[in-house]
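Notes for the one structure printed next.
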Amino acid sequence: NPALPLAGKRVLVTAGGTMERIDPVRYITNDSSGKMGYAIAEAAKRLGAQVTLVTGKASVAVPAGIEVVPVDSTMDMLEAVLDRFDDCDIVIKAAAVADYRAARPSDKKIKKKDERMTLELIKNPDILQTLGERKTKQFIVGFAAETDNGELHAMDKIRRKKSDLLVLNDVTVPGAGFGTDTNIVTVFDESGLVVALPQLSKREVAERLLVLIAERLKARGGSD
Ligand code: C5P
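The UniProt record's numbering applies: residue 180 is where the sequence shown begins, and numbers increase by one.
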């Protein structure tokens, strides 16, 4: 069915921002609204897929008709994704993952004391890279939000994280990136530029991206 290019496919989408606890009332997070990832989950469903959305903190309503798995921290997101990875055909990692977490989160509220205080952070595992190393049949798509040298970073990421596609958005351009309803993205594969899309609604970006993914999966011979 050409109207449902993802019929029979299992799609896992991560979205939103992960949240790293410092103490019971404080945490570190980022500006992710979840809009792009949620739009991808909705578009995947419209195109016929069975969709699971693993979501961190987001400021938009969760889409209807989609299995939603809420998570807080990066470690939680990693676990939720790994639990479901083997059954997936496509994984799209639109989440803004916190690169670091508190080395020793406190179980009591931290008291104000000295003029200066130091919070020690340790590196989180890279979920996308972990999946890239484990993939068998899965088609993996990463996102990158960059402010400079976007293409260079995108190509480095796609190789390092063994993704099949990488979607770059320049977060310095108005109408792109965090919080907006539109996005301007450039898509890369391991050999370079695939397509540079104009400014479009996140809904439209999501649909174009999924159609591209469906075509690539089909070209692999994994489809009917
Ligand atoms: O390296 P950077 O954070 O720019 O890479 C962005 C991509 O990697 C996104 O797809 C994001 O979801 C993913 N990522 C991840 N785990 C991390 C950091 C980023 O899965 N710890």
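No residue lacks a Cβ here, since even glycine has one placed at the ideal position from N, Cα and C.
Just so you know, these numbers come straight off a predicted model, no measurement behind them.
Give me, in chain order, the residues of the same chain whose beta-carbon lies closer than 6 Å to that of R189; leave out the 5 immediate sequence neighbours on both sides.
Mapped onto the sequence shown, residue 189 falls at position 10. If you ignore the 5 residues before and after R189, its C-beta comes within less than 6 Å of the C-beta of Q229, D266, C267, D268, all in its own chain and listed in chain order.
Is T193 near the ligand C5P, going by C-beta to nearest heavy atom under 7 Å?
If you number the sequence shown from 1, residue 193 lands on position 14. It does: the Cβ of T193 is within 7 Å (strictly closer) of some heavy atom of the ligand C5P.
So A270 packs on Q317, CB below 8 Å; how close in whole Å?
Working through the sequence shown from its first residue, we reach residue 270 at position 91. Working through the sequence shown from its first residue, we reach residue 317 at position 138. It should be noted that the sequence gives Val, not Ala, for residue 270. The pair is a contact, with the Cβ atoms about 6 Å apart (cut-off 8 Å).
Looking at the ligand C5P, does it come within less than 7 Å of P304, judged from the CB to the closest heavy atom?
Residue 304 sits at position 125 when you count from the first residue of the sequence shown. Yes; taking the cut-off as 7 Å, the Cβ of P304 has a heavy atom of the ligand C5P nearer than that.
Around the Cβ of N348, are there at least 16 other Cβ atoms within 10 angstroms (buried) or fewer (exposed)?
Reading the sequence shown from its first residue, position 169 is the one you call residue 348. Its Cβ being crowded by 16 or more others within 10 Å, N348 is buried.
Sequence-distant residues of its chain with Cβ nearer than 8 Å to Q378 (five each side left out)
In the sequence shown, the residue the question calls residue 378 occupies position 199. These residues qualify, in order along the chain: G354, A355, T361, N362, I363.
Could you give the C-beta distance for T197 and V260, rounded to a whole number, given that I count them as a contact under 8 Å?
Position 18 of the sequence shown, counted from the first residue, corresponds to residue 197. Position 81 of the sequence shown, counted from the first residue, corresponds to residue 260. Between V260 and T197 the Cβ distance is about 11 Å, and since that is not below 8 Å, they are no contact.
Proximity to G213 [Cα-Cα], best of A274, D262, K336
Residue mapping note: residue 213 aligns to position 34 of the sequence shown, counting from 1. For the residues A274, D262, K336, the minimum Cα distance to G213 belongs to A274.
For V352, name the three-state secondary structure that DSSP assigns.
Locating residue 352 in the sequence shown gives position 173, where the first residue counts as 1. In the structure shown, V352 sits in coil (DSSP, three-state: anything other than H, G, I, E or B).
Pull up the distance between the alpha-carbon of K224 and that of P184, whole angstroms please.
Taking the sequence shown and counting its residues from 1, one reaches residue 224 at position 45. Taking the sequence shown and counting its residues from 1, one reaches residue 184 at position 5. Cα to Cα, the separation comes out at about 11 Å.
Cα separation between K291 and T297?
Start at 1 with the first residue of the sequence shown, and residue 291 comes out as number 112. Start at 1 with the first residue of the sequence shown, and residue 297 comes out as number 118. Spanning the two alpha carbons is a distance of roughly 12 Å.
DSSP on G311, reduced to helix/strand/coil?
Numbered from its first residue, the sequence shown carries residue 311 at position 132. Note: G311 maps to helix in three-state DSSP.
Grouping DSSP H, G and I as helix and E and B as strand, with all else coil, what is V276?
Taking the sequence shown and counting its residues from 1, one reaches residue 276 at position 97. Of the three classes helix, strand and coil, the one that applies to V276 here is coil, per DSSP.
Alpha carbon of R395 to alpha carbon of I306, nearest angstrom:
Taking the first residue of the sequence shown as 1, we reach residue 395 at position 216. Taking the first residue of the sequence shown as 1, we reach residue 306 at position 127. The alpha-carbon of R395 is positioned some 23 Å away from that of I306.
Inter-residue Cα distance where the pair is E258 and A222
Here residue 258 refers to the residue found at position 79 when the sequence shown is read from its first residue. Here residue 222 refers to the residue found at position 43 when the sequence shown is read from its first residue. E258 and A222 have their C-alpha atoms roughly 25 Å apart.
Closer than 8 Å by C-beta to T253: which residues in its own chain qualify, once you throw out the five before and the five after it? Chain order, please.
Translated into positions along the sequence shown, residue 253 becomes position 74. So the list reads T197, E199, V276, A277, R280, N303, P304, I306, once near-sequence residues are dropped.
Taking the straight line between their C-alpha atoms, what separation do you get for E294 and G216?
Counting from one through the sequence shown, the residue named residue 294 turns up at place 115. Counting from one through the sequence shown, the residue named residue 216 turns up at place 37. Near 40 Å, if we compare the C-alpha coordinates of G216 and E294.
DSSP three-state assignment for A182, whether helix, strand or coil
Your numbering for residue 182 matches position 3 in the sequence shown. In this structure, A182 counts as coil in the three-state DSSP scheme.
Jot down the residue ranges of each uninterrupted beta strand (DSSP E) in the stretch 210 to 246, minimum 3 residues, whole runs only, in chain order.
DSSP runs (the beta strand (DSSP E)) wholly in the stretch 210 to 246: 229 to 234.
Report the residue from T315, D327, G311 whose alpha carbon sits nearest the alpha carbon of R338.
By 1-based counting over the sequence shown, the position of residue 338 is 159. Checking every option, the nearest Cα to that of R338 belongs to G311.
Let me check understanding here. Comparing Cα to Cα, which of K314, F357, L344, K340 lies closest to E325?
As a position in the sequence shown, residue 325 is number 146, starting the count at 1. The shortest C-alpha separation from E325 is found at F357.
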